[in-house]
Structures are given as structure tokens and as C-alpha cells.
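Mapping of the sequence shown onto my numbering: position 70 corresponds to residue 75, and the numbering continues sequentially without gaps. See structure below.
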Amino acid sequence: MEEEEEEIKEIEKKEEEEEIEEEEQKQKEEIEEKIEEKIKEEIKEEKEIEEEEIDEEEEEIEKKIKEEIEEKKLEVEKEIDENELKKEKIIEEIEEEEKRIKEEEIEEEKIKEEIEKEKQIEVKEEEIKEEEEIEEEDEELKEEEKINEEKKEIEEINEEIEEKEDEEKEESVEKDKEIEKKIEEEKNEIEEKEIKEKEERRRRGGDKGGGEEEGRR
Numbered sequence: 006m007e008e009e010e011e012e013i014k015e016i017e018k019k020e021e022e023e024e025i026e027e028e029e030q031k032q033k034e035e036i037e038e039k040i041e042e043k044i045k046e047e048i049k050e051e052k053e054i055e056e057e058e059i060d061e062e063e064e065e066i067e068k069k070i071k072e073e074i075e076e077k078k079l080e081v082e083k084e085i086d087e088n089e090l091k092k093e094k095i096i097e098e099i100e101e102e103e104k105r106i107k108e109e110e111i112e113e114e115k116i117k118e119e120i121e122k123e124k125q126i127e128v129k130e131e132e133i134k135e136e137e138e139i140e141e142e143d144e145e146l147k148e149e150e151k152i153n154e155e156k157k158e159i160e161e162i163n164e165e166i167e168e169k170e171d172e173e174k175e176e177s178v179e180k181d182k183e184i185e186k187k188i189e190e191e192k193n194e195i196e197e198k199e200i201k202e203k204e205e206r207r208r209r210g211g212d213k214g215g216g217e218e219e220g221r222r
């Protein structure tokens, strides 16, 4: 009888232990579920926080990138403006240089033209001078020829006079006087003619000198 009771007790105890174990197991499972749930919740929260942080970081990065792009854009625009100014300045310098070269070429051309004109004037003056010298030489030759001819005429007249004097020696004194008078008149005429010719030559020489002076001017 006692053994049966013992067995019953043993069985009850065992059942009780099993129930306790089951209860413990159940509690354990519930706790684990709660823990797991909590972990999941924490993970979710952490993930959301991380996502928010990532979003913030991305926004910050994007903002920074935009700022850098804007700064770079401004720098590029500034550089472009500076290059444009440099380009305009270089173009202005080139235009100034071209203008200066053109002015120098024009000035050189003017100097060449003036030199050429001076050369032409010198050549022309030389030609005129040579022509005048030739004309003077021709005039002198003509004058010499004329003087020689006049001398020859005078000699011929003198010869004629001498011949007439020889022929008329025997004639009267009055006739001699008339002859002498005629001879004197002829001599005077010849002398007057020579004087006039000399004056004419002198006058021509003066006119020619004036012409030369006017040509030089």
C-alpha cells in the first residue's frame, strides 16, 4: 500500500515537474519571443535611424557637391571672363601693332616718295643746267663767229678804204675830207653797232641769269 502511494506520489511529482517544465518552457519561449520581438524592434529602430542618418548624410553630401559644383562653376566663369579679357587685350594689342606697322609703312612710303621727288628735281635741275651750259656755249660760239665776221667785215672795209685812199690820193682835199668823213661815219656806225650788240649780249646774259635764278627758286 505504501509502495503504491509512493509510486503515485512519484508520478504526481513527475507530472508536476513536467508541468513546471512545460510552464518554464512556455515562459522561456514567451520571453524569447519578447526578446526576439524587442530585438527586431530595436533593429528596426536602428535601421530607421541609420536610414535617417544616411539620408542626412546624403543630403549633406549632395548639398556639399552642389556647393562645390557652384563654386567650380563660378571659378570657371571667372576664368572664362579673365581669358576673354586677356583675349580682348591681346586683340587690342595686335590691332595697335598692326596700326603702328601700317603707319610706319605709310611714313616710309612718304619718305621714299619725297626722296624720289628730290632725285627727280636734282636730275631735272642737272639737265636744265647742262642745257643752259650747252646754250651758253652755243651762244658764245655764235657771238665769237659774229665778232669774227664783223672783224672780217671791218678788215674788208678798211681794205676797201685803203684801196680807195690809194686810188683817190690824187683827188682834191675836199674829196679826201668827204672820204674821211664817210669813213669816220662808217666807223662810228660799226662802233655803235658793236656797242649795241655788246649791250644786247649783256642784256641777254642778265635775262639768262635771272632765268637761272628763277629756275633754282
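By construction, the Cβ of each residue, glycine as well, lies at the ideal position given by its N, Cα and C atoms. Keep in mind it's a predicted model, so treat the numbers as computed, not measured.
Item	Value
Is it a yes or a no for the stretch 155-167 touching the stretch 189-205, going by three-plus beta-carbon pairs under 8 Å?	yes
Can you give me the C-alpha to C-alpha distance between Glu61 and Glu21, rounded to a whole angstrom?	58 Å
Would you kindly check if the distance between the Cβ of Ile120 and the Cβ of Ile159 is under 8 Å?	no
Taking the straight line between their C-alpha atoms, what separation do you get for Ile184 and Asn153?	26 Å
Quick check: the Cα distance between Glu102 and Leu90, rounded to an integer number of angstroms?	18 Å
Could you check whether Glu148 and Arg206 sit closer than 8 Å to each other, using their CB atoms as the reference points?	yes
What do you reckon, are the CB atoms on Glu145 and Glu199 nearer than 8 Å?	no
How many angstroms separate the CA atom of Glu219 from the CA atom of Asp143?	Any answer about Glu219 is weak, because its pLDDT of 48 lies below 50 and its placement is not dependable; what the coordinates show is given next. One C-alpha to the other measures close to 22 Å.
Can you find the residues in the same chain that come closer than 8 Å, C-beta to C-beta, to Lys129, ignoring five residues on each side of it along the sequence?	none
Near Glu46, what residues of its chain come up, given a Cβ to Cβ distance below 6 Å and the 5 sequence neighbours on each side ignored?	none
Cutting at 6 Å between CB atoms, please list the residues of its own chain near Asn88, excluding the five before and the five after it.	none
Could you give the distance in angstroms between the alpha-carbon of Lys19 and the alpha-carbon of Lys31?	18 Å
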